[in-house]
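Numbering (my numbering), first residue to last: 7 to 212. In this text, a Cβ means the ideal position worked out from N, Cα and C, and glycines have one as well. As the structure is a prediction and not an experimental result, all values here were calculated from the model.
Structural data, given as structure tokens:
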């Protein structure tokens, strides 16, 4: 099993010269690229440098740019609840996709607005999970946005499948971080991966 993860932070309002979108993506836990809306994307690690300026790199960066713009629009139109936040609201969106036998087998997004409002969208079964009671109104609003759901689903499944397939053509052979003792993945390994994803999420927002 292999993984592709992206962590994107979007700000609704910024001062002149300040980036409103920043992010970093990793493959199998190894940094692939760092992104911001001013300087675009910077390759990281051996794989990032190997695929820099290739068609898959260009497609990946363009989708990150599009995603950042769409998430910023969502944040700007999101009505926050009674919980007070300091400064302008920020949105952290984290994607995790797991890849096995040239198929995406796990795909999820977790969202956290200003460290106060958080929820998860599983794009494999289209289920939304509330992790902060005060985020219920925001989550329900996002659930009704068909274009947003389509974008999040496509990026975390079909796009990630294509990107990983192309990225691995440039990667030197090495075992995936999810293989243990050279054995193939089991259902318990998948559950562990998703469980770790949720545990990390909760630890960051509490």
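Segment limits, alpha helix (DSSP H) that includes residue i
i: residue 66; result: 61-82
i: residue 143; result: 142-149
i: residue 42; result: Unbroken run through residue 42 is the beta strand (DSSP E), 36-42; no alpha helix (DSSP H).
First through last residue of the beta strand (DSSP E) which encompasses residue i
i: residue 106; result: 96-106
i: residue 47; result: 46-49
i: residue 135; result: 133-136
i: residue 169; result: Element bounds for residue 169: not the beta strand (DSSP E) but the alpha helix (DSSP H), 166-173.
i: residue 153; result: From DSSP, residue 153 is part of no beta strand (DSSP E) but of the alpha helix (DSSP H) over 152-160.
Alpha-carbon spacing of residue i relative to residue j, whole angstroms
i: residue 202; j: residue 69; result: For residue 202, the predicted structure reports a pLDDT of 45, less than 50, and the residue's modelled location is therefore unreliable. The matter cannot be settled from this model.
i: residue 148; j: residue 167; result: 25 Å
i: residue 79; j: residue 49; result: 27 Å
i: residue 67; j: residue 47; result: 7 Å
i: residue 128; j: residue 153; result: 16 Å
i: residue 9; j: residue 112; result: 9 Å
i: residue 43; j: residue 36; result: 22 Å
i: residue 6; j: residue 137; result: Because residue 6 is not part of the residues shown, which for the chain are 7 to 212, the question remains open.
i: residue 207; j: residue 169; result: Reliability of the predicted coordinates at residue 207 is poor, the pLDDT of 43 falling under 50, and the value obtained from them is presented with this limitation in mind. In a straight line, the C-alpha of residue 207 is about 25 Å away from that of residue 169.
i: residue 31; j: residue 40; result: 7 Å
Close Cβ partners of residue i (< 8 Å) along its chain, the five nearest in sequence each way excluded
i: residue 61; result: 172
Proximity of residue i and residue j at Cβ, strictly below 7 Å
i: residue 13; j: residue 29; result: yes
i: residue 162; j: residue 124; result: no
i: residue 7; j: residue 106; result: yes
i: residue 38; j: residue 23; result: no
i: residue 25; j: residue 94; result: no
i: residue 97; j: residue 73; result: no
i: residue 158; j: residue 115; result: yes
Residue i burial status per 10 Å Cβ neighbour count (16 or more: buried)
i: residue 45; result: exposed
i: residue 109; result: exposed
i: residue 101; result: buried
i: residue 142; result: exposed
Residues near residue i in its chain [Cβ-Cβ closer than 6 Å; skip 5 each side]
i: residue 20; result: 26
i: residue 130; result: 113
i: residue 176; result: 56, 57
Own chain partners of residue i with C-beta closer than 7 Å, once the 5 adjacent residues on each side are dropped
i: residue 145; result: 125, 134, 136
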